[in-house]
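Quick notes on the structure that follows.
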Amino acid sequence: MPAPNIDTIVSLAKRRGFVFPSSEVYGGLGSAWDYGPLGVELCNNVKQSWWRWIVYDRDDIEGIDSSIILNRLVWQYSGHESTFHDPFVDCRECKSRLRPDKLDLPEDAKASDVADLIRQKRVKCSNCQSTDLTEPRLFNMMFRTMLGAAAVEDDPTSLAYLRPETAQGIFINFLNVQTAMRRKVPFGIAQLGKSFRNEITPGNFILRTREFEQMEMEYFVKPDAEHSKLVDEWVEQYIEWFKGLGISGDNLQLHEVPAEELAHYSKRTVDIMYRYFPERPEEPRQWEELMGIAYRTDFDLRSHSSKAVDGEGTRINPDSTEDLSYFDETTKQRFYPHVIEPAAGVNRTVLAVLMDAYSEKTNDKGETRVILKLVPKLAPIKAAILPLAKNKPEIVGMAKAIKRSLQPVLRAVYDDTGGIGKLYARQDEIGTPFCVTVDHQSLEDEAVTVRDRDTWEQERIKVSDLAEHLQNRLKE
Ligand code: ATP
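Put into structure tokens, the structure is as follows:
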């Protein structure tokens, strides 16, 4: 049973130290969220799982970490300065600012018809139902900043942007990585890090924020490769990866992005959607994008290249000093590799993982307990070591020693902040797979009780076998 709605996760996340509203002491900051002690561990585990899978387990992908602030020309030639716009509509009645694709449009209406429909008063504000809406206007979503101490507000030479995607840092390093690592096409370059978009309508917790983290990979292939088939293959691989993070296939769905909605660089995009809104009665409104897999053609490498020319033979990029083409030794041909790009969000993955892991169970006393059934590799804490009596120095000493001995092989914590029932409930709610209880008997027989989060079953294990026992069970 996944979480019934995002709000359930918002309150669990705050209560138990996963995610806090940012800048709360000053009334918050719209869409910003801070990751607490358990949230940072969960995010790190998602990122580590991705990096291991995409960079270490495969033999054809390299990792990089490029700057967040790049030369402004990168964004000029990538097309983001001129096209990374989102339209918005204002409601004159309630003053809400809305994205046209989130408006209640008449059935069969296309996003491109919005301006006409607004003029005909056939679109309602999703907040107050008024039809008094402004026509859509465009807004560039890149965050602007100024570089250097001498920078003044309107000096175009110091204008820079916070990156809205990690992908461009990969494209401009294509040749560096290819030559340094002596790679042959096909191969990929992966990057993980923060991106920034001045979203018009952020919201729904960590689903849409202005600062977020991406896990992107650009897979470079030949111009005559089967691009569409490769998109399908990456979709399949990512579905399997998400399932391996504990997300049920029932809550994943594919969305073929219609041609008129494709980004300026894409020939085909398939989005993997997650059921973030199970509470909505209309099934199609339950889904939102978790990630996208796009066929970006050779658009970006050509755009950043010094020698690429357009149909009339004019240089596309007179500012670039490098040609990012690739020479194929076997065919003796030079070309701009084409790109398949799986682009996923850390935060949306974390939210999907939390929603899918959420479950409730009733104990013997009829009380409902929350259990976060995280797959062990994502659990922030793998084992909690709990003393049955915290006023008994021998028991406390033994529990602390066990915690220290486990730490080198798995993330363990010592906790004596409540009675054993409360401690178990807390660890269940934060997804700790195992609780290890040290009791009076332990002092005699050098054994402890290991309690399973999901079944609540307990077994007695010798302290000398504990690390191996837990490691084996964590692999299950
Ligand atoms: P949307 O249509 O939801 O705005 P997008 O199609 O613009 O998303 P992409 O450019 O494909 O998103 O970015 C790849 C991934 O980065 C998304 O699938 C999502 O997981 C993540 N992402 C993008 N924008 C945000 C955001 N504002 N907040 C959190 N994650 C985001």
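Anchor point for the sequence shown: position 37 equals 587 in this note's numbering, and the numbering is continuous, going up by one each time.
Note that beta-carbon positions come from the ideal geometry of N, C-alpha and C, so glycine has one too.
Bear in mind that the values here come from a model prediction, so they are computed numbers and not experimental data.
What do you reckon, are the CB atoms on residue i and residue j nearer than 8 Å?
i: residue 727; j: residue 614; result: yes
i: residue 980; j: residue 688; result: no
i: residue 551; j: residue 909; result: yes
i: residue 766; j: residue 717; result: yes
i: residue 738; j: residue 658; result: no
i: residue 721; j: residue 850; result: yes
i: residue 764; j: residue 829; result: no
i: residue 856; j: residue 872; result: yes
i: residue 750; j: residue 788; result: no
i: residue 977; j: residue 985; result: yes
i: residue 952; j: residue 1013; result: yes
i: residue 946; j: residue 937; result: yes
i: residue 731; j: residue 891; result: no
i: residue 693; j: residue 889; result: no
i: residue 594; j: residue 927; result: no
i: residue 744; j: residue 761; result: yes
i: residue 840; j: residue 899; result: yes
i: residue 713; j: residue 755; result: no
i: residue 741; j: residue 616; result: yes
Ordered along the chain, which non-local residues of its own chain (more than five positions away) have a Cβ less than 6 Å from that of residue i?
i: residue 785; result: 820, 843
i: residue 695; result: 710
i: residue 725; result: 874
i: residue 911; result: 919, 921
i: residue 963; result: 931, 934
i: residue 886; result: 848, 851, 852, 875
i: residue 631; result: 625
Checking the sheet assignment: what are the DSSP bridge partners for residue i?
i: residue 713; result: Bridge partners of residue 713: none, in fact.
i: residue 911; result: 919
i: residue 721; result: In DSSP, residue 721 forms no bridge with anything.
i: residue 641; result: 683
i: residue 650; result: According to DSSP, which records beta bridges pairwise, residue 650 is partnered with nothing at all.
i: residue 611; result: 738
i: residue 1002; result: 984
i: residue 994; result: DSSP, once it has assigned bridges, lists no residue as partnering residue 994.
i: residue 819; result: 844
i: residue 889; result: 770, 847
i: residue 876; result: 885
i: residue 824; result: 802, 838
i: residue 761; result: 746
Measure the C-alpha to C-alpha separation of residue i and residue j and round it to an integer number of angstroms.
i: residue 831; j: residue 825; result: 12 Å
i: residue 798; j: residue 907; result: 9 Å
i: residue 556; j: residue 837; result: 12 Å
i: residue 1011; j: residue 999; result: 6 Å
i: residue 968; j: residue 604; result: 42 Å
i: residue 1002; j: residue 1024; result: 11 Å
i: residue 811; j: residue 903; result: 28 Å
i: residue 1034; j: residue 905; result: Residue coverage of the chain in this structure runs from 551 to 1026, which leaves residue 1034 outside it and unanswerable.
i: residue 578; j: residue 958; result: 38 Å
i: residue 854; j: residue 666; result: 37 Å
i: residue 592; j: residue 563; result: 11 Å
i: residue 757; j: residue 966; result: 35 Å
i: residue 567; j: residue 729; result: 45 Å
i: residue 575; j: residue 586; result: 15 Å
i: residue 802; j: residue 835; result: 14 Å
i: residue 622; j: residue 768; result: 21 Å
i: residue 996; j: residue 1019; result: 15 Å
i: residue 814; j: residue 646; result: 28 Å
i: residue 559; j: residue 913; result: 21 Å
i: residue 940; j: residue 993; result: 14 Å
Given residue i, which residues of its chain have a CB within under 8 Å of its CB, disregarding the five upstream and five downstream residues?
i: residue 753; result: 581
i: residue 674; result: 653, 654, 680, 681
i: residue 859; result: 865, 866
Specify the secondary structure class of residue i as computed by DSSP and reduced to three states.
i: residue 789; result: helix
i: residue 859; result: strand
i: residue 849; result: helix
i: residue 960; result: coil
i: residue 1018; result: helix
i: residue 604; result: helix
i: residue 970; result: helix
i: residue 589; result: helix
i: residue 799; result: helix
i: residue 755; result: helix
i: residue 807; result: coil
Using a Cβ-Cβ cutoff of less than 7 Å, which residues in the same chain neighbour residue i once the five nearest sequence positions on both sides are dropped?
i: residue 816; result: 844, 845, 846
i: residue 650; result: 637, 639, 661, 664, 686
i: residue 572; result: 578, 579, 582, 583, 584
i: residue 983; result: 926, 929, 932, 1003, 1024
i: residue 676; result: 648, 652, 653, 654
i: residue 791; result: 603
Below 7 Å, is the gap between the Cβ of residue i and the nearest heavy atom of the ligand MG?
i: residue 740; result: In the structure shown, the ligand MG is absent; the only ligands present are the ligand ATP.
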